[in-house]
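Participant: Under the numbering used here, think of the first position of the sequence shown as 173, with each following residue one higher. Beta carbons are placed, not taken as given, at the ideal position from N, Cα and C, and that holds for glycine.
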Amino acid sequence: VLSDERLAKQFHERYTHVVVDEYQDNSQMQALMLKRIVKRGCLTVVGDDDQCIYEFRGASPGNFDRLKEEFAKKNIAVQEEVLIDNHRSSKNVLTVASAFLEGDKRRHPKTLRPTKPEGPPVEVWECSSQTQQAKQIVAGMIKRHEDDQIRWKEMAALFRCLKMGGNGSLTTHLQKELAEKKVPFVVVGGKSIFERASVRDLVAYLQLSIRRSPNDEAFTRSINQPPRRLPKDKVIP
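1. When we look at the beta-carbon of P281 and count the other beta-carbons within 10 Å, is it buried (16 or more) or exposed?
2. Comparing C-alpha positions only, which one of Q223, K240, K315, Y187 sits nearest to A203?
3. On the DSSP letters alone, give me the boundaries of the alpha helix (DSSP H) that T392 sits inside.
4. Could you give the C-beta distance for I256 and L284, rounded to a whole number, given that I count them as a contact under 8 Å?
5. Please state if the CB of P286 and the CB of S270 are separated by a distance shorter than 8 Å.
6. What is the DSSP secondary structure of L215, reduced to helix, strand or coil?
7. Please look up how many angstroms separate the CB atoms of A390 and Q397, rounded, as I've assumed it's under 8 Å.
8. Classify Y195 as buried or exposed, calling it buried when 16 or more other Cβ atoms lie within 10 Å of its own Cβ.
9. Out of curiosity, what's the CA-to-CA distance linking K353 and R229?
10. Drop a sphere of 10 angstroms on the beta-carbon of V191, count the other beta-carbons inside from all chains shown, and report buried for 16 or more, exposed for fewer.
11. May I ask which residues mark the beginning and end of the beta strand (DSSP E) holding V192?
12. DSSP has R285 in a bridge; who is on the other side?
13. Over what stretch of residues does the alpha helix (DSSP H) that includes V371 continue unbroken?
14. How would you label E253, buried or exposed, when you count the other beta carbons within 10 angstroms and need 16 or more for buried?
15. In or out: S300 buried (at least 16 other Cβ within 10 Å) or exposed?
16. According to DSSP, is K246 part of a helix, a strand, or is it coil?
17. Quick check: D197 and C224, are their CB atoms within less than 8 Å of each other?
18. Quick test of your reading: L346 and A306, contact by CB under 8 Å. State the CB separation rounded to the nearest angstrom.
19. Relative to the alpha-carbon of R279, which residue among S232, T216, I382, M327 has its alpha-carbon at the smallest distance?
20. Assign S381 to one of two classes, buried (16 or more other C-beta atoms within 10 Å of its C-beta) or exposed (fewer than that).
21. Please report the straight-line C-alpha distance between F357 and L350, rounded to a whole angstrom.
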């Protein structure tokens, strides 16, 4: 697109209008591609400079300012609309978030207006490790379940899943702690550690080692793990 005039023209003819969501997370290369693709006055970008989380791959909170500067050089007017009504978070959450962001000199000043009530106070925990964090979360869930009669299905732990060095993702520790404390849970948008192939292989070996009763499923899973080049028709009748 950047070097092929014919290809850029095809985009012009095919797409009359372009909308870009989460524009604060666009890289400079993506911005250059947009300039080649869109026609005059046919671009809409949506985003929040406070939510720029991909600077490690070239994104920048200054994307919006650079876009306006590019249009200004070409004498193209930019219509800007600031959306201040927040429909997601409670007033207490927005107050804490605003205080946290006050020190950022690069952001566009904005005061969000919550549409939800004040809500419970925000709790800040300091944990020395992922394991301690998981234990603290599960202990809090059990306390709410027993003291306040809150059902398990009314609780949720939300994570932006990131790998933490060689220790796995943050959810791995939480899943282990939930299982250890016999708290029922489901993993949404991901795979439980107990559904992973390596864990299922290990469970199959453990089931066979107990030898309390025949377990054909455990046998057929473990007999060729690790791979022993046994043909399937020779293992399974």
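Facilitator: Working from what's here:
1. Walking along the sequence shown from the start, residue 281 turns up at place 109. Under this definition P281 is an exposed residue.
2. Along the sequence shown, one-based indexing puts residue 203 at 31. If we check each option's Cα against that of A203, K240 comes out closest.
3. The residue you call residue 392 lines up with position 220 of the sequence shown. That run of the alpha helix (DSSP H) goes 388–394.
4. Indexing the sequence shown from 1 puts residue 256 at position 84. Indexing the sequence shown from 1 puts residue 284 at position 112. Indeed, because the Cβ distance is near 6 Å, the residues count as touching under 8 Å.
5. Position 98 of the sequence shown, counting from 1, holds the residue named residue 270. Position 114 of the sequence shown, counting from 1, holds the residue named residue 286. No, these two residues do not count as a Cβ contact at 8 Å.
6. As a working note, residue 215 is residue 43 in the sequence shown. Three-state result, L215: strand.
7. Here the question's residue 390 lines up with position 218 in the sequence shown. Here the question's residue 397 lines up with position 225 in the sequence shown. Going by Cβ atoms, the distance from A390 to Q397 rounds to 11 Å, so no, they are not a contact pair.
8. On the sequence shown, residue 195 is found 23 positions in, with the first residue counted as 1. That one is buried.
9. Translated into the one-based positions of the sequence shown, residue 353 becomes position 181. Translated into the one-based positions of the sequence shown, residue 229 becomes position 57. Computed Cα separation, rounded: 39 Å.
10. For the purposes of this step, residue 191 is taken as residue 19 along the sequence shown, with counting starting at 1. By the neighbour-count rule (16 or more Cβ atoms within 10 Å), V191 is not buried but exposed.
11. Reading the sequence shown from its first residue, position 20 is the one you call residue 192. Its beta strand (DSSP E) spans residues 190–192.
12. Residue 285 sits at position 113 when you count from the first residue of the sequence shown. R285 pairs with D257.
13. Taking the first residue of the sequence shown as position 1, residue 371 is located at position 199. That run of the alpha helix (DSSP H) goes 369–382.
14. Numbered from its first residue, the sequence shown carries residue 253 at position 81. When all chains shown are included, E253 counts as exposed.
15. As a first step, residue 300 must be located in the sequence shown, where it is residue number 128. Result: exposed.
16. The residue you call residue 246 lines up with position 74 of the sequence shown. K246: coil per DSSP, three-state reduction.
17. Within the sequence shown, numbered from 1, the residue matching residue 197 stands at position 25. Within the sequence shown, numbered from 1, the residue matching residue 224 stands at position 52. Closer than 8 Å, so yes.
18. As a working mapping, residue 346 is identified with position 174 in the sequence shown. As a working mapping, residue 306 is identified with position 134 in the sequence shown. Confirmed, about 4 Å.
19. Within the sequence shown, the letter at position 107 stands for residue 279. Among S232, T216, I382, M327, the Cα nearest to that of R279 belongs to S232.
20. Here the question's residue 381 lines up with position 209 in the sequence shown. It counts as exposed.
21. Start at 1 with the first residue of the sequence shown, and residue 357 comes out as number 185. Start at 1 with the first residue of the sequence shown, and residue 350 comes out as number 178. Cα to Cα, F357 sits roughly 7 Å from L350.
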